[in-house]
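Right, one structure below, let's go through it.
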């Protein structure tokens with residue numbers, strides 16, 4: 071009887087009915103950076119952090135584990151709650167490079183808590199909470215997107231730019247093709263919103279994207295002021 075029970079248990083595990091995919095089972099990260107001018111120039115509420123208006127620079131949105139088929143794990147470990155004491159030495163840099171634009175105005179801890187609990191807990195096999203945020207900050211240093219774009223004559227001046235030129239500028243600088251997402255402002259202009267750069271499972275090195283985000287942009291997009 072025991073042998074039969076073990077066989078049934080193994081069958082359920084094989085079929086994915088007993089347990090979900092293990093939290094370390096992911097294929098790569100999306101490192102996502104967002105342009106604040108596009109975030110705020112929509113119908114959604116936009117509030118500056120309590121520290122004041124962020125710099126006119128791309129801000130980190132998150133470091134997200136992903137599967138090669140385009141799906142992703144989330145909220146992998148409810149017991150691994152965000153602990154701000156673990157990132158106390160990073161707070162100043164996080165406020166500068168990973169600012170919140172959510173309302174009501176706040177310091178940013180709610181944003182970072184959400185990102186850790188939804189995405190970071192799915193990468194605990196390779197990094198702890200401090201490493202998760204530290205790695206994201208290091209990745210942003212490696213990809214200074216605003217400098218990359220302005221060096222190619224692509225400026226946040228409300229002008230419209232060729233999408234391929236934007237993509238090529240980033241690829242030439244980091245060596246890999248980015249994913250680019252747009253949103254629309256109140257006048258229905260397509261705006262440069264988010265840049266996706268793929269990262270290996272260590273969370274430290276850029277790689278070619280196994281799959282690009284589904285939301286795409288037209289051939290010309292606006293780079294709004296902030």
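Residue numbers (this note's numbering): 71 to 296. Ideal placement from N, C-alpha and C gives every residue a C-beta, glycine not left out. Since the structure is predicted, the reported quantities are computational estimates derived from the model, not experimental observations.
For residue 149, does the count of other Cβ atoms within 10 angstroms reach 16, so buried, or fall short, so exposed?
exposed
Runs of 3 residues minimum, wholly inside the region 197 to 258: which ones carry the beta strand (DSSP E) assignment?
229 to 232, 249 to 254
With C-beta atoms as the reference, is residue 246 less than 7 angstroms away from residue 276?
yes
Got a sec? Which residues, its chain only, sit under 6 angstroms from residue 140 by beta carbon, not counting five neighbours each side?
281
Separation of residue 147 from residue 127, as counted between CA atoms
32 angstroms
Decide if residue 79 is buried, meaning its Cβ has at least 16 other Cβ atoms within 10 Å, or exposed.
For residue 79, the predicted structure reports a pLDDT of 41, less than 50, and the residue's modelled location is therefore unreliable. A value from the coordinates is still provided. Exposed, since its Cβ has fewer than 16 Cβ neighbours within 10 Å.
Between the C-alpha atoms of residue 218 and residue 249, what's the straight-line distance to the nearest angstrom?
15 angstroms
Among 285, 259, 279, 284, which one has its Cα closest to the Cα of residue 292?
259
According to DSSP, simplified to helix, strand and coil, what is residue 132?
strand
Indicate the three-state DSSP secondary structure (helix, strand or coil) for residue 281 in the structure shown.
coil
CB contact flag (residue 251, residue 283, <7 angstroms)
yes
Any idea what DSSP makes of residue 339, helix, strand or coil?
What the structure shows of the chain is the stretch from 71 to 296, and residue 339 is not part of that stretch, so it cannot be assessed.
List the endpoints of the continuous alpha helix (DSSP H) containing residue 179.
179 to 188
Cβ neighbours of residue 135 in the same chain (closer than 7 angstroms, five flanking residues each side left out):
96, 99, 142, 143, 189, 192, 193
Mind checking which residues open and close the alpha helix (DSSP H) that includes residue 109?
106 to 110
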